[in-house]
Amino acid sequence: MGSVGLYIACVLIWGSTWLAITFQLGRVPPVVSVVYRFALAAVMLLAYCAFRALPMRFKLRDHAWMALQGLLLFGMNYVLVYLSEAHVSSGLTAVIFSSMAFWNILGMRYFYARPFRPSTLIGATLGIVGVALVFAPEFTLFAKDENAMLGLAYGLAGTVSASLGNITATRNQQHGLPVVQQNAFGMLYGTMLMVLFALATGQAFAFESTAAYILSLGYLALFGSVLAFGCYLTLLGQIGADRAGYVAVAIPIVAVLLSSLFEDFRWGLATVLGVLLCVGGNVLALRGGKPA
Numbered sequence: 000m001g002s003v004g005l006y007i008a009c010v011l012i013w014g015s016t017w018l019a020i021t022f023q024l025g026r027v028p029p030v031v032s033v034v035y036r037f038a039l040a041a042v043m044l045l046a047y048c049a050f051r052a053l054p055m056r057f058k059l060r061d062h063a064w065m066a067l068q069g070l071l072l073f074g075m076n077y078v079l080v081y082l083s084e085a086h087v088s089s090g091l092t093a094v095i096f097s098s099m100a101f102w103n104i105l106g107m108r109y110f111y112a113r114p115f116r117p118s119t120l121i122g123a124t125l126g127i128v129g130v131a132l133v134f135a136p137e138f139t140l141f142a143k144d145e146n147a148m149l150g151l152a153y154g155l156a157g158t159v160s161a162s163l164g165n166i167t168a169t170r171n172q173q174h175g176l177p178v179v180q181q182n183a184f185g186m187l188y189g190t191m192l193m194v195l196f197a198l199a200t201g202q203a204f205a206f207e208s209t210a211a212y213i214l215s216l217g218y219l220a221l222f223g224s225v226l227a228f229g230c231y232l233t234l235l236g237q238i239g240a241d242r243a244g245y246v247a248v249a250i251p252i253v254a255v256l257l258s259s260l261f262e263d264f265r266w267g268l269a270t271v272l273g274v275l276l277c278v279g280g281n282v283l284a285l286r287g288g289k290p291a
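Numbering (numbering that gives the first Met the number 0), first residue to last: 0 to 291.
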């Protein structure tokens, strides 16, 4: 699959997972839901690796880096996002998470001395402004909610964790670690670390046997984790974390469309303008351009 196909797949799948995550909130603690999700995803990937007889022997140092990727990208990132959605709407969490485009640009600059692409920076700015316009009505509710600041803090922390996970994944690919095995071990290690975190913080390993919880868990594991992360890390290796990070800006547009159907989201002039800005920023961020 080419870069455009990978990009579209990531946006469509992850744009729908913001809604799916809301079905995971309830009796099961967020960290435990993350454990279930990535444990299931890790089993799927390891089974695939065994079926395809893919090489699974790596150096101890490589395992340590895959464990770090698992902690940042498949563990704390999602725990913090789930906690954020418990305090603010899924749309507002998507707005916060769209700032990952900036964090990735800064991370590539700091860790890899990668020059800024003006088109990527301008595109990210337009996109985030567009996302903010789309969800502008929610900011009034945000200002009145005492728990909203906690949701904002969780969302920002999750975004930074995801961005650092992107930087770690870039390092792993540069050192020759294959995407599928990288994800399989990363999800396995991320799950193990989250189990330890859940036990240390006294989280109850409850399970919700409702159709909504089970179906959303299966969707998040197979599509939101196995397939989407496979596409995303392949894309990251092709075009770099700075440009691939724009996925986080485009995702809320899909989230808005689904929210219009399932969460009574109403479109207005600001929504239309915001979507147009996101689309324009998308074109600028992905067209390449010379580094500055």
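The C-beta atom is built at its ideal place from N, Cα and C for all residues, glycine as well.
Counting C-beta pairs with one atom in each stretch, the stretch 193 to 206 and the stretch 103 to 122 have fewer than three that are closer than 8 Å, which means they do not touch. Rounded to whole angstroms, the separation of the alpha carbons of isoleucine 12 and leucine 132 is 23 Å. The C-alpha of leucine 155 is placed about 24 Å away from the C-alpha of methionine 191. If you ignore the 5 residues before and after glycine 126, its C-beta comes within less than 6 Å of the C-beta of Val248, Cys277 and Gly280, all in its own chain and listed in chain order. Taking every protein chain shown into account, the CB of threonine 209 has fewer than 16 other CB atoms within 10 angstroms, so this residue is exposed.
For alanine 8, same chain residues with a beta-carbon under 6 Å away, outside a window of 5 residues either side, are Cys230 in chain order.
Counting along the chain, asparagine 182 sits inside the alpha helix (DSSP H) bounded by residues 178 to 199. In this structure, phenylalanine 110 places its C-beta atom within 8 Å of the C-beta atom of isoleucine 166. Boundaries of the alpha helix (DSSP H) harbouring tyrosine 231: 227 to 238, taken from the DSSP string. Serine 83 has its alpha-carbon roughly 10 Å from the corresponding atom of proline 29. For arginine 170, the enclosing alpha helix (DSSP H) starts and ends at 147 to 173. Its chain contains Gly126, Ile127, Val130, Ala247, Val248, Ile250 and Pro251 as the residues whose beta carbon lies nearer than 8 Å to that of serine 97, once the 5 sequence neighbours on both sides are disregarded; these appear in chain order. For valine 130, the enclosing alpha helix (DSSP H) begins and ends at 117 to 133. Contact between glutamine 23 and serine 224 is ruled out by a C-beta separation of about 13 Å, above the 8 Å threshold.
By the neighbour-count definition (other C-beta atoms within 10 Å, threshold 16), leucine 59 is an exposed residue. Tryptophan 102 and serine 162 have their C-alpha atoms roughly 6 Å apart. Runs of alpha helix (DSSP H) with 4 or more residues, each lying fully within the stretch 36 to 78, are found at 59 to 68, listed in chain order.
With fewer than 16 neighbouring CB atoms inside 10 Å of its own CB, valine 271 falls in the exposed class. Remark: C-beta atoms of phenylalanine 261 and leucine 18 approach each other more closely than 8 Å. Taking a C-beta distance under 8 Å as the contact criterion, leucine 44 and isoleucine 95 do not qualify as a contact pair. Under the three-state reduction of DSSP output, valine 278 falls in the helix class. By alpha-carbon distance to leucine 67, the top candidate from Phe57, Gly106 and Gly189 is Gly189.
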